Amino acid sequence: MESLINKNRILLDIEACDWREAIRLAGDLLVRDGCISDLYTESMMRAVEELGPYMVILPGFALAHAAPSPAVYSDAMSLVTLHTPVSFGSSENDPVRVVLCLSCVDRESHIAALQRVAIALMEDGAVDRLANAASAEEVLELLAQEPAN
Numbered sequence: 015m016e017s018l019i020n021k022n023r024i025l026l027d028i029e030a031c032d033w034r035e036a037i038r039l040a041g042d043l044l045v046r047d048g049c050i051s052d053l054y055t056e057s058m059m060r061a062v063e064e065l066g067p068y069m070v071i072l073p074g075f076a077l078a079h080a081a082p083s084p085a086v087y088s089d090a091m092s093l094v095t096l097h098t099p100v101s102f103g104s105s106e107n108d109p110v111r112v113v114l115c116l117s118c119v120d121r122e123s124h125i126a127a128l129q130r131v132a133i134a135l136m137e138d139g140a141v142d143r144l145a146n147a148a149s150a151e152e153v154l155e156l157l158a159q160e161p162a163n
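Count along the sequence shown starting at 1, add 14, and that's the number in the working numbering.
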């Protein structure tokens with residue numbers, strides 16, 4: 015997990031006027047670090063436009079991603095929390111306060127990281143804790159948590 019996301023790829027309590035801007039902000043963190051090009055961010059937005067809000071996988075949580083492509087230079091993640099939640103058009107899971115952006119160079123390399131994120135998100139209140147995190151370090155700790163037995 016540590017190789018995919020770091021404190022420079024986390025923005026907390028920011029404003030986004032809509033889901034497009036939320037994805038753009040998350041994507042920009044990866045563009046800035048040289049992990050993806052703007053084309054990948056555009057692909058993520060196009061996926062929502064064409065396929066609907068399937069990325070909103072839990073109440074308040076979107077996993078922004080697109081298919082592997084030459085616009086992805088490395089496997090990486092970024093995370094933004096939104097001060098004001100935005101709607102992706104999901105009747106079940108809107109509004110969204112946490113957007114985790116995932117870039118993958120191929121279809122296999124990210125599986126272990128996704129499993130770790132899934133484990134962290136299965137804990138009761140995990141999305142709320144991420145949404146209310148006070149620091150990037152707190153987000154990293156939450157994502158790295160082991161499941162409770």
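Here a beta-carbon is modelled for each residue, glycine too, at the ideal position from N, C-alpha and C. All values reported here derive from a predicted model rather than from experimental measurement.
Item, Value
"Starting from Val94 and walking both ways along the beta strand (DSSP E), at which residues does that stretch end?", "Ala90 to Val100"
"Between the C-alpha atoms of Ala36 and Thr98, what's the straight-line distance to the nearest angstrom?", "11 Å"
"When burial is assigned at 16 or more other CB atoms within 10 Å of the CB, is Ser149 buried or exposed?", "exposed"
"Rounded to the nearest angstrom, how far is the Cβ of Leu114 from that of Val100, given a contact under 8 Å?", "14 Å between Cβ atoms; not a contact."
"Can you tell me whether Ile19 is buried or exposed? The criterion is at least 16 other CB atoms within 10 Å of its CB, across all chains shown.", "buried"
"At the level of alpha carbons, what is the spacing between Ala81 and Leu43?", "18 Å"
"Can you say whether Ala126 is buried or exposed, counting buried as having 16 or more other CB atoms within 10 angstroms of its CB?", "exposed"
"When we look at the beta-carbon of Gly139 and count the other beta-carbons within 10 Å, is it buried (16 or more) or exposed?", "exposed"
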